[in-house]
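Visitor: The structure is given below, and queries will be raised subsequently.
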Amino acid sequence: MTEPTAGTLAPYRHVVVGVDGSDRARRAARSARVLAEAMGAALHLFRADLGIEEISPGVAEEVEVLAGELGAAASTAHLGRAPARPAKLIAERVAELGQAVACVGSHGRGAIGAALLGSTTSDYLAWSGRATVVYGPEASAAVAPERVALCVDGSEHATALLAEAVRWARILTMPLVVVRASSDAPAAHDEGDEALVGVLEAEAGGAGAEARGVVVRGHDPRAALVDFLGAVPTVGVLATHGRSSLAATMLGGTAGAVVRDATGPLVLRRPPSLPVTGM
Numbered sequence: 004m005t006e007p008t009a010g011t012l013a014p015y016r017h018v019v020v021g022v023d024g025s026d027r028a029r030r031a032a033r034s035a036r037v038l039a040e041a042m043g044a045a046l047h048l049f050r051a052d053l054g055i056e057e058i059s060p061g062v063a064e065e066v067e068v069l070a071g072e073l074g075a076a077a078s079t080a081h082l083g084r085a086p087a088r089p090a091k092l093i094a095e096r097v098a099e100l101g102q103a104v105a106c107v108g109s110h111g112r113g114a115i116g117a118a119l120l121g122s123t124t125s126d127y128l129a130w131s132g133r134a135t136v137v138y139g140p141e142a143s144a145a146v147a148p149e150r151v152a153l154c155v156d157g158s159e160h161a162t163a164l165l166a167e168a169v170r171w172a173r174i175l176t177m178p179l180v181v182v183r184a185s186s187d188a189p190a191a192h193d194e195g196d197e198a199l200v201g202v203l204e205a206e207a208g209g210a211g212a213e214a215r216g217v218v219v220r221g222h223d224p225r226a227a228l229v230d231f232l233g234a235v236p237t238v239g240v241l242a243t244h245g246r247s248s249l250a251a252t253m254l255g256g257t258a259g260a261v262v263r264d265a266t267g268p269l270v271l272r273r274p275p276s277l278p279v280t281g282m
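Letter by letter, the sequence shown follows residues 4 to 282 in the working numbering.
Right, dumping it as structure tokens:
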């Protein structure tokens, strides 16, 4: 798949929140309302019911009540259309709306991977090829973001998300920071870190985004990155490992720590350079 060029991705006009009756889903929906308002986007709540033949009246009412509270549209679908694959139904709803992005809340359990995100989110990321907004257990529902940060690690997978990060910066009319977290050990210092963020900063600026590059260092680079993202309300953009099996879609140490501890929304995406796996 050809990588999109920074500045060429269309803005999102809809935010689709997957809800399942849990407290984490309700928190994600309330957080997503703040984000949708900042984006000027419409908020939608979507529930995949466990019923095989029809939607349970109780489920439909629950979604309608929460949607009314948040000023959102509500829709449901039963899993008979996609047994055991609610991620497929969420993807169908996103595709129906067009220029839409899915949003979910993490379980808040475990250090990394599918245990933290939940199987539906991991499933969606593994094959859809779309970005997903994730709210971790520490995310604040009331704080609007003030900047966008593309978190890079030197891999082509992370740098391939520059176009997605520029899209968010332009939607939100906020500055973009390209941030690289590295060890503060003298032996780990690499001038290539500064060069990398400088190149990406220039490319983002050429696409019309107000951008700057930053290298943050610490004994634990993961903690340094989380601290940086938490210093100012931030939308963080990160890549998953992007492999197709459920076990291999685990986020890895850095991204997993960010999901677990970040106080703002995170945009996760499987690198667009990798082939999309089917359902």
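Built from N, CA and C at the ideal position, the CB exists for glycine as well.
Here the structure is a predicted model, which means the values were calculated and not measured.
Check for me: the beta strand (DSSP E) holding Thr176 runs from which residue to which?
Guide: That residue, Thr176, is in no beta strand (DSSP E); it is neither H nor E in DSSP.
Visitor: Residue range of the beta strand (DSSP E) that Gly233 falls in?
Guide: From DSSP, Gly233 is part of no beta strand (DSSP E) but of the alpha helix (DSSP H) over 224–234.
Visitor: Is the region 225–240 touching the region 201–214 in the sense that three or more CB pairs, one from each, lie closer than 8 Å?
Guide: no
Visitor: Once the 5 residues before and after Pro7 are set aside, which same chain residues still bring their CB inside 6 Å of it?
Guide: Ala166
Visitor: With a threshold of 16 other CB atoms inside 10 Å of the CB of Ser34, please say whether the residue is buried or exposed.
Guide: With 16 or more other Cβ atoms within 10 Å, it is buried.
Visitor: What is the DSSP secondary structure of Ser185, counted as helix, strand or coil?
Guide: When secondary structure is reduced to three states using DSSP, Ser185 falls in the strand class.
Visitor: Assuming Gly132 is part of the alpha helix (DSSP H), what are its boundary residues?
Guide: Neither: Gly132 is in no alpha helix (DSSP H) and is coded neither H nor E.
Visitor: Suppose you measure from the CA of Ala103 to the CA of Ala13; what does that come to, to the nearest Å?
Guide: 10 Å
Visitor: Taking Ala76 and Ala45 to be in contact with their CB atoms under 8 Å, please state how far apart those CB atoms are, rounded to whole angstroms.
Guide: 7 Å
Visitor: With which residues is Leu46 paired in a DSSP beta bridge?
Guide: Val18
Visitor: Can you grab the Cα-Cα spacing for the pair Gly221 / Ile174, in whole Å?
Guide: Looking at the two C-alpha atoms, the distance is approximately 32 Å.
Visitor: Once you ignore the five residues that flank Thr124 on each side, which residues in its own chain have a CB closer than 7 Å to its CB?
Guide: Answer for Thr124: Val107, Thr135, Val137, listed in chain order.
Visitor: Can you tell me the Cα-Cα spacing of Phe231 and Ala214, whole angstroms?
Guide: 16 Å
Visitor: Just mark Pro89 as buried or exposed, buried being the case when its beta carbon has 16 or more other beta carbons within 10 Å.
Guide: buried
Visitor: Taking the beta strand (DSSP E) that Val270 falls in, what are its first and last residues?
Guide: 269–272
Visitor: Sort Arg96, Glu67, Glu65 by Cα distance to Ala80 and report the nearest one.
Guide: Arg96
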